[in-house]
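Since the structure comes first, as structure tokens, the remarks are kept for the end.
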Amino acid sequence: MSAPVLYVNGKRFTESPFQNEEEFERLVVENAEILFGEKSLYIDLKSRVEGRALGAAIPDGLLIDFRDPENPEFYLVEIELARHDFYKHIFPQITKFFAFFKNPKSRAELVEKTFTVINSDPNMRAKFNQMIGGKEIYKSLKDIIENSQNILIIIDNEKPEFDEVMETYTDTWDKMVKVMIIKRYNANGSVILAVSPDFEELLEQPIEEEEEGGEESDRYTEEYHLEGVAPNIVAAYERIKQEFFSIDPGIRINPTKHYIALRKEKNFVSIRFRKKKMHITLRMSYEQGRQIIKSHKLTSETRHPGREYITITIENNNNLEEVIQAIMQAYKKQTQL
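Following this note's numbering, the numbering of the sequence shown begins with 2 at its first residue and continues without gaps.
Here is the structure:
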């Protein structure tokens, strides 16, 4: 099948393939704020860190997404050409990143190198400071990398192998890797970038949109989500879960790709896990939530007119009674519908 042609403002744009990875990497660096949003920080790692500084696993870049300032997302970024052999080139490199994340020494080295890069660049340091609200840079960076470990592959075309490995390796590829396709189109010097999916679309889905059952649900379990999570967070989750099981034996656990939901007729609460915290999202106004939640971080989000959600961030086992009370209100609201 021939490559698509775009017609924009009377111009005919044809696909302009990248000659090599270096050209592709430059395009990503030059357009990072457009591609990832104003509330992001992209670090071109290759040009700033010596070849062996981080061992054998050298990503092309680092990305920190601050759209949720309380829970920033960290990505190792690998920029690839689709014509490269998947199992000889792409698969081994990403496998090194998995091992890199699991190694405490490697993570510590990454924090040190990234801190040095940010601190030595006044503009980057100012932006990072702005994003973290003036908190201490080193500690903030360490917390981000410890709590959020993702891999973003940017590639210039589809490769069916991605679906294959994500179905096979649910605990690594499916859990940690996101893929973004970028194609370049040219018309007499004017350039258009086609991006799929848009970076914002990589966000997790709201709790109503993922239903129970189906072929995909068999791939995700509680163990899938709880692997590597701190024991105190697992204990907090178990206490909350058992509390609702004792109230209503008809409540079920509904693990999805992005979170675990508690479900009666529908999902009424979603629980997302990080290494040292969990985020509990339910439908409630911020004002109502603030009256209940006194000991934990609370944020709100309006996804649709009239549909406000709160997210409670749990970092310890203290005062879980107030969290259970908030979830109970969401449960009662659903059972009354």
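For glycine and all other residues, C-beta sits at the position ideal for the given N, C-alpha and C.
None of the values given here were measured: they were computed from a predicted structure.
Residue nearest to residue i in terms of C-alpha spacing, selected from the options
i      : options                        : result
Val30  : Glu201, Phe19, Tyr43           : Tyr43
His226 : Asp249, Asn255, Glu244         : Asn255
Phe19  : Tyr287, Glu316, Ser141, Ile183 : Ile183
Glu16  : Ala4, Glu74, Pro198            : Ala4
Asn32  : Phe200, Tyr310, Arg220         : Phe200
Tyr260 : Phe245, Gly229, Ile241, His280 : His280
Val78  : Ile65, Met285, Pro70           : Ile65
Asp69  : Phe163, Met132, Thr96          : Met132
Thr303 : Ile325, Asn158, Thr282         : Thr282
Lys298 : Ser286, Glu316, Gln289, Met285 : Glu316
Ile59  : Glu110, Asn319, Val166         : Glu110
Asn158 : Arg126, Lys295, Leu194, Ala127 : Leu194
Lys47  : Thr115, Arg13, Gly290          : Thr115
Asn345 : Gly11, Leu203, Gly290, Lys334  : As displayed, the chain neither begins before 2 nor continues past 338, which places residue 345 out of reach and without an answer.
Thr117 : Lys97, Pro93, Lys143           : Lys143
Asp122 : Arg84, Phe98, Asp45            : Asp45
Phe37  : Gly251, Phe14, Met181          : Met181
Glu71  : Asn318, Arg264, Ile145         : Ile145
Phe98  : Ala83, Arg84, Gly11, Leu63     : Leu63
Cβ neighbours of residue i in the same chain (closer than 7 Å, five flanking residues each side left out)
i      : result
Ile80  : Glu22, Phe25, Glu26, Val29, Asp61, Ile155
Asn124 : none
Arg240 : Leu321
Ser141 : Ile133
Val235 : Leu227
Distance between residue j and residue i (C-alpha atoms, nearest Å)
i      : j      : result
Ala237 : Phe274 : 12 Å
Pro232 : Lys277 : 9 Å
Asp249 : Glu113 : 49 Å
Phe87  : Thr314 : 38 Å
Glu266 : Glu223 : 20 Å
Leu7   : Lys160 : 22 Å
Gln292 : Thr300 : 13 Å
Tyr76  : Phe102 : 11 Å
Val230 : Glu147 : 11 Å
Thr171 : Asn189 : 44 Å
Ser197 : Ile35  : 14 Å
Tyr287 : Asp164 : 39 Å
Tyr139 : Phe129 : 11 Å
Pro73  : Ser149 : 8 Å
Ile294 : Thr257 : 26 Å
Lys106 : Ala100 : 11 Å
Ile119 : Lys136 : 14 Å
Ser271 : Thr336 : 17 Å
Glu168 : Glu162 : 10 Å
Asn104 : Glu202 : 30 Å
Val9   : Ser296 : 53 Å
Residues near residue i by beta carbon distance below 8 Å, same chain, minus five either side
i      : result
Glu322 : none
His90  : Glu81
Met285 : Glu309, Tyr310, Ile311, Ala327, Gln330, Ala331
Ile95  : Glu79, Ile152, Ile154, Trp174, Val178
Val192 : Ser17, Arg185, Tyr186
Glu244 : Ile325
Arg126 : Ile119, Asn120, Ile138
Arg108 : Phe101, Phe102, Ile146, Glu147
Residue i - DSSP class collapsed to helix/strand/coil
i      : result
Phe25  : helix
His226 : helix
Arg68  : coil
Asn189 : coil
Gly290 : helix
Pro60  : coil
Ile91  : helix
Tyr332 : helix
Tyr139 : helix
Lys179 : strand
Thr303 : strand
Asp164 : helix
Met279 : strand
Asn319 : coil
Gln326 : helix
Ala262 : strand
Lys298 : strand
Tyr43  : strand
Ile154 : strand
Ala195 : strand
Glu213 : For Glu213, the predicted model reports a pLDDT of 48, less than 50, meaning its position is unreliable and no value from the coordinates is stated.
Leu7   : strand
Terminal residues of the beta strand (DSSP E) in which residue i lies
i      : result
Asp172 : No beta strand (DSSP E) contains Asp172, which DSSP labels as neither H nor E.
Ile254 : 253-256
Boundaries of the alpha helix (DSSP H) in which residue i is found, first to last residue
i      : result
Ala109 : 105-121
Ile35  : 33-37
Phe200 : Unbroken run through Phe200: none, as it is neither H nor E.
Ser17  : Where Ser17 is concerned, there is no enclosing alpha helix (DSSP H), given that its DSSP letter is neither H nor E.
Ile241 : 232-248
Residues near residue i in its chain [Cβ-Cβ closer than 6 Å; skip 5 each side]
i      : result
Ser41  : Asp66
Arg253 : Arg264
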